[in-house]
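Participant: Here the protein sequences come in this chain order: H and B. Each residue of the first sequence is one higher than the one before, counting from 1 in the working numbering. Each residue of the second sequence is one higher than the one before, counting from 200 in the working numbering. Ideal placement from N, C-alpha and C gives every residue a C-beta, glycine not left out.
Protein chains: 2
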Amino acid sequence: MNVKQQIKEYKRELILDAAAKLFYEKGFQKTTIDDIGAALGVTKPFIYTYFENKYAILEQLFDQSFEELYVDVLKVLNSKQGSPKDRLRQLITVYVEKNIERQRFTAIMLEEEKNLSSKKISDIRRKQRDFDTKLARLIEEGVEAGQFRVSDPMIASLAISGMVRWTHRWYSPQGRLSASELATRLSDLALNLVGCAQA
Amino acid sequence: MNVKQQIKEYKRELILDAAAKLFYEKGFQKTTIDDIGAALGVTKPFIYTYFENKYAILEQLFDQSFEELYVDVLKVLNSKQGSPKDRLRQLITVYVEKNIERQRFTAIMLEEEKNLSSKKISDIRRKQRDFDTKLARLIEEGVEAGQFRVSDPMIASLAISGMVRWTHRWYSPQGRLSASELATRLSDLALNLVGCAQA
DNA sequence: AACCAAAAATACTATCCAGTATATTGCCTC
DNA sequence: GAGGCAATATACTGGATAGTATTTTTGGTT
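What follows is the structure, encoded as C-alpha cells:
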C-alpha cells in the first residue's frame with residue numbers, strides 16, 4: 001500500500017473514531033454528518049468522499065468492532081491446546097478484556113443494531129450464533145473430560161456471554177477494579193458456573 | 200376512578216402498546232407518531248391529546264417497564280423468609296420469567312435509553328444500582344451463612360444480572376425451552392456461579 | 001331532534017438534515 | 001511559477017416529520 005492509500009485509510013479511521021464517539025454519546029440517529037464533520041474540523045462532503053452514506057459508517061463500525069471483539073477469543077476457541085478448564089479461563093480473560101477495552105464499540109453494537117440493513121443484521125446474528133455454539137462445544141468437551149458439570153452446555157454458553165457482555169453497562173475504568181482484575185473475577189465465576197471445582 | 204377516566208387510561212395503554220411494538224421493531228427514532236397512529240387506525244392529534252410529545256411516550260414506557268420487571272423480584276429480595284439459597288433460586292426464576300414475558304419492553308429499555316432526558320437516565324441507573332446492591336447483599340448473606348462461596352458479591356450480582364438480561368437477545372418462544380424451563384436452568388447456573396453446592 | 005361540548009380529523013407550518021451540485025483551495029509536476 | 005488535478009469547502013435542494021391551528025364529527029343531554 002502506498003503513502004496516498006495509507007493516508008486515505010488513516011482518514012477513514014479518524015472518521016470512524018469520531019463517529020463512534022458521537023454514536024456512543026448521542027446515538028446513531030441523533031448524530032448528524034455535520035456533527036461528525038465538526039468533531040474533525042471538517043465539512044460534510046469530506047465525509048461523503050470516504051463513505052457512501054451514513055449507514056455505511058455504521059456498517060463498517062459493526063464489521064470492525066465484531067472482528068476485533070472476537071478475533072482473539074476465537075483463536076483460543078479454535079486452538080486445541082490445553083484442558084477445557086484452562087481454555088475456558090483464558091477465553092473469558094480475553095473476552096472480558098476486549099469488551100472493556102472496546103467498551104464504546106460493544107455498546108454501539110448492542111444499541112444500534114436496528115439501524116443496519118436486515119441482511120447485515122442476520123449476518124451479525126449468524127456469526128454470534130457460531131460463536132455461541134463453539135463456546136457451547138468447549139463446555140461440552142469439559143463435561144466429557146469430567147472437568148465441568150453442566151446439564152445444558154448451550155444455555156451455559158449464552159449465560160457466560162451475557163455475564164461478559166453486560167459489563168459494558170456498568171464497568172468504569174475509574175472503579176475499584178482494573179480490566180484484568182475484573183477478567184480474573186469473571187473467569188472464576190464462569191468456572192463456577194460450569195460446575196468446575198477450583199483450587 | 201369513573202368510567203370516563205378509565206377509558207382514557209385504557210386508550211393511553213393502547214397507545215403505549217402500539218408504540219412499544221413499533222419501537223421494538225424499528226427503533227424509537229425511526230418510528231413516527233404517524234406510524235403509531237396508523238397502527239391504531241387513528242391520527243396524530245389523537246396521540247397528542249394523551250402525550251405531550253414523543254419523548255413522553257418513551258418515558259412512560261420506561262417507567263412502566265422498569266416497575267413491572269422488578270416489582271416481584273424486589274419482593275423476593277426484600278422478604279427475609281427462606282435461606283439465601285432458596286431466595287436466590289426464587290429470585291432468578293421470577294427475574295427470568297419477567298424478562299421473557301416482557302421481552303419487547305426489556306429490549307427497548309436497553310436499546311433506547313439514550314433517548315431519555317439525562318435526569319431520567321440517572322434516575323433509572325440509580326434504581327438499577329439499588330437492585331444490584333440488594334442482590335449483592337443477598338449473596339453476601341449466603342456467604343455468611345456458609346451456603347455460597349464467592350469472593351466478590353457485587354461482581355457476582357452483576358454477572359447474574361447480565362446472564363439474565365442477555366436472554367432478550369437470544370430467547371425465542373419457538374425455541375426448545377419454555378420460559379419456566381429456562382428459568383430453572385438459569386437458576387441452576389446462578390447457584391453454581393455463587394459456589395452453592397447443589398443436590 | 002336540537003344543542004353543545006368533547007374528541008378526533010384535516011390540513012398546515014417550520015425545522016432539520018441527508019445528500020449533492022458547484023466553487024475554491026492547495027499541492028504536485030514540469 | 002504556471003498548469004492541472006485532487007481534495008475540500010460553500011451553498012443549495014428535497015423530503016421527512018414533530019408539532020399545531022382549524023375544522024368536523026360524535027355522542028350525551030334535555
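With 7 Å set as the bound, which would you pick, yes or no: does the beta-carbon of B:G361 sit closer than that to a beta-carbon of chain H?
Facilitator: Interface residue, yes.
Participant: Could you check where the alpha helix (DSSP H) with H:A190 kicks off and where it finishes?
Facilitator: Start and end: A179 to L193.
Participant: Which one of B:Y254, B:R364, B:Q373 and B:R324 has the shortest CA to CA distance from B:L385?
Facilitator: Checked all of B:Y254, B:R364, B:Q373 and B:R324; the closest Cα to B:L385 is B:R364.
Participant: Name the chain B residues that come within less than 9 Å of H:N202, Cβ to Cβ?
Facilitator: No answer is possible for residue 202 of chain H: the residues shown for chain H start at 1 and end at 199.
Participant: Measuring only the C-alpha atoms, how far is H:R129 from B:Q205?
Facilitator: Their Cα atoms are separated by approximately 46 Å.
Participant: Between H:Q60, H:Q90 and H:Y50, which lies nearest to H:V73 when the distance is taken from Cα to Cα?
Facilitator: The shortest C-alpha separation from H:V73 is found at H:Q90.
Participant: When the Cα atoms are used, what is the spatial distance from B:Y370 to B:I299?
Facilitator: Rounded to whole angstroms, B:Y370 to B:I299 spans 8 Å at the Cα level.
Participant: For H:F66, which three-state DSSP category applies?
Facilitator: Three-state DSSP puts H:F66 in a helix.
Participant: On the CB-based measure, 16 or more other CB atoms within 10 Å of its CB, does H:A159 come out buried or exposed?
Facilitator: It is buried - the Cβ of H:A159 has at least 16 other Cβ atoms within 10 Å.
Participant: H:N115 and H:L58 - do their beta-carbons sit closer together than 7 Å?
Facilitator: Closer than 7 Å, so yes.
Participant: According to DSSP, is H:E112 part of a helix, a strand, or is it coil?
Facilitator: Reduced to three states, the DSSP call for H:E112 is coil.
Participant: Indicate, with yes or no, if the ligand FMN has a heavy atom lying under 6 Å from the CB of B:I320.
Facilitator: This structure simply doesn't include the ligand FMN, nor any ligand for that matter.
Participant: Kindly indicate which residue of B:I232, B:I291 and B:K297 has the alpha-carbon position closest to the one of B:E251.
Facilitator: The candidate whose alpha carbon is nearest that of B:E251 is B:I232.
Participant: With three or more beta-carbon pairs closer than 8 Å as the criterion, would you say the stretch 130-137 of chain H touches the stretch 325-344 of chain B?
Facilitator: The stretch 130-137 of chain H is not in contact with the stretch 325-344 of chain B.
Participant: Run down chain H in chain order and give the residues with a C-beta less than 8 Å from the C-beta of B:L276.
Facilitator: Within chain H, no residue comes near B:L276; the closest Cβ sits about 18 Å away, beyond 8 Å.
Participant: Under a CB-based cut-off of 7 Å, is B:R384 close to chain H?
Facilitator: Judged by the 7 Å Cβ criterion, B:R384 is in contact with chain H.
Participant: Expressed to the nearest angstrom, what Euclidean distance is found between the alpha-carbon atoms of B:K318 and B:L260?
Facilitator: Spanning the two alpha carbons is a distance of roughly 16 Å.
Participant: Quick check on the DSSP output: the alpha helix (DSSP H) that includes H:K127 runs from which residue to which?
Facilitator: Run containing H:K127: S118 to E144, per the alpha helix (DSSP H) assignment.
Participant: Quick one: which chain B residues come within Cβ less than 8 Å of H:G175?
Facilitator: Those within 8 Å of H:G175 in chain B number zero; the least Cβ separation is about 10 Å.
Participant: Let me check understanding here. Comparing Cα to Cα, which of H:G162, H:K54, H:G175 and H:E140 lies closest to H:S117?
Facilitator: Checking every option, the nearest Cα to that of H:S117 belongs to H:K54.
Participant: Determine, using beta carbons only, whether H:E111 comes closer than 7 Å to chain B.
Facilitator: For H:E111, the answer is yes, since a Cβ of chain B falls inside 7 Å of its Cβ.
Participant: According to the Cβ coordinates, are B:G361 and H:M163 closer than 7 Å?
Facilitator: Closer than 7 Å, so yes.
Participant: Report the three-state DSSP secondary structure of H:K4 (helix, strand or coil).
Facilitator: Reduced to three states, the DSSP call for H:K4 is helix.
Participant: Tell me which residues share the same chain as B:Q373 and place their Cβ nearer than 6 Å to its Cβ, disregarding the 5 neighbours each side in the sequence.
Facilitator: Excluding positions up to five away in sequence, the list is empty.
Participant: How many whole angstroms separate the CB atoms of H:R102 and H:S157, which I take to be in contact at a CB cut-off of 8 Å?
Facilitator: The Cβ separation is near 21 Å, so there is no contact.
Participant: Would you kindly check if the distance between the Cβ of H:G195 and the Cβ of H:R149 is under 7 Å?
Facilitator: Result yes, Cβ atoms of H:R149 and H:G195 sit closer than 7 Å.
Participant: Only counting the same chain, and skipping five residues up and downstream in sequence, which positions put a Cβ closer than 7 Å to that of H:Y253?
Facilitator: Because chain H in this structure spans residues 1 to 199, residue 253 of chain H falls outside the shown range and cannot be described.
Participant: Is the shortest distance between the beta-carbon of H:G195 and the beta-carbons of chain B less than 7 Å?
Facilitator: Yes, contact with chain B.
Participant: Ordered along the chain, which non-local residues of its own chain (more than five positions away) have a Cβ less than 8 Å from that of B:L213?
Facilitator: Correct list, in chain order: L239.
Participant: If I follow the unbroken alpha helix (DSSP H) through H:P173, where does it start and stop?
Facilitator: Element bounds for H:P173: n/a, residue is neither H nor E.
Participant: So the alpha helix (DSSP H) B:A358 belongs to, where does it begin and stop?
Facilitator: P352 to R364 is the extent of the alpha helix (DSSP H) around B:A358.
Participant: Since B:L392 and H:L189 should fall inside the 8 Å C-beta cutoff, what is the C-beta to C-beta distance between them, to a whole number of angstroms?
Facilitator: Contact holds; Cβ gap of about 5 Å.
Participant: Between the Cα of B:K220 and the Cα atoms of B:G236, B:K207 and B:L287, which residue gives the shortest distance?
Facilitator: B:K220 has its Cα closest to that of B:G236, out of B:G236, B:K207 and B:L287.
Participant: Using a Cβ-Cβ cut-off of 8 Å (strictly less than) and excluding sequence neighbours within five positions of H:D86, which residues of its own chain qualify?
Facilitator: Here the set comprises nothing.
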